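Below is one structure, written out as structure tokens; the observations come after it.
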Amino acid sequence: MIPLSTVESPPSVDVFADPVAVSSEWLRQWCKLDWREPMNANLDRAARYQTPSSAKDDRREGDTDDTYRSMREQQLSSGCDEVTAMPSPEAPQRADVAYLVLSARRVNSSAGVAFEAEQVRSVRRVLRQTDGRWLVDTRVEAG
1 MIPLSTVESP
11 PSVDVFADPV
21 AVSSEWLRQW
31 CKLDWREPMN
41 ANLDRAARYQ
51 TPSSAKDDRR
61 EGDTDDTYRS
71 MREQQLSSGC
81 DEVTAMPSPE
91 APQRADVAYL
101 VLSARRVNSS
111 AGVAFEAEQV
121 RSVRRVLRQT
131 DGRWLVDTRV
141 EAG
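Be aware that the sequence shown starts at 1, since it is given in the UniProt record's numbering, and climbs by one per residue.
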């Protein structure tokens, strides 16, 4: 089972210097859930690595009072490993915009016992900000 850290250290400045690094860290934070944490704590952690509009979009799809209550009752947790971020071969890459295919293996557990491993995947636009930092932006739908 993937251990869930309860102490978050501040992100390294270096992580924001590269679209692959920031996207990978965003996915790690987004993926990590623990029933003992406040509702949508994973989204709060991930928001450090993404644009405000992207964080707002993700929050709309986050837990509701009902889904959070169910998560706590079942003592659900999850974590990801095998995180990858690769440039999308179908999308144009520019000096200030990258399109990355993100994936990871998520292990879900109940009361500390793993019961499922699944693949998670997202294609995201990643934007270089005016201060030089890269931040994860919106999900890209295949068209």
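Even glycine gets a Cβ: it sits at the ideal position worked out from N, Cα and C. It should be emphasised that the depicted structure is a prediction, and the values quoted were computed from it without experimental measurement.
| Check | Outcome |
| --- | --- |
| Whole-angstrom distance between L127 and Q29, CA atom to CA atom | 18 Å |
| Cβ separation of R48 and C80, assumed to be a contact under 8 Å, to the nearest whole Å | Incorrect: roughly 17 Å between the Cβ atoms, too far for contact. |
| R125 classed as buried or exposed, judged by whether at least 16 other C-beta atoms fall within 10 angstroms | buried |
| Rounded Cβ spacing between R121 and S110 (contact assumed at less than 8 Å) | Between S110 and R121 the Cβ distance is about 23 Å, and since that is not below 8 Å, they are no contact. |
| T67, enclosing beta strand (DSSP E) - first and last residue | Per DSSP, T67 belongs to no beta strand (DSSP E); it is in the alpha helix (DSSP H), 65–74. |
| Other residues of its chain near A98: CB distance less than 6 Å, five sequence neighbours each side excluded | P19, V126 |
| Nonlocal neighbours in the same chain, by C-beta distance under 7 Å from F16, ignoring five residues either side | V22, R133, W134 |
| Strand pairing of W134, partner residues [DSSP] | R128 |
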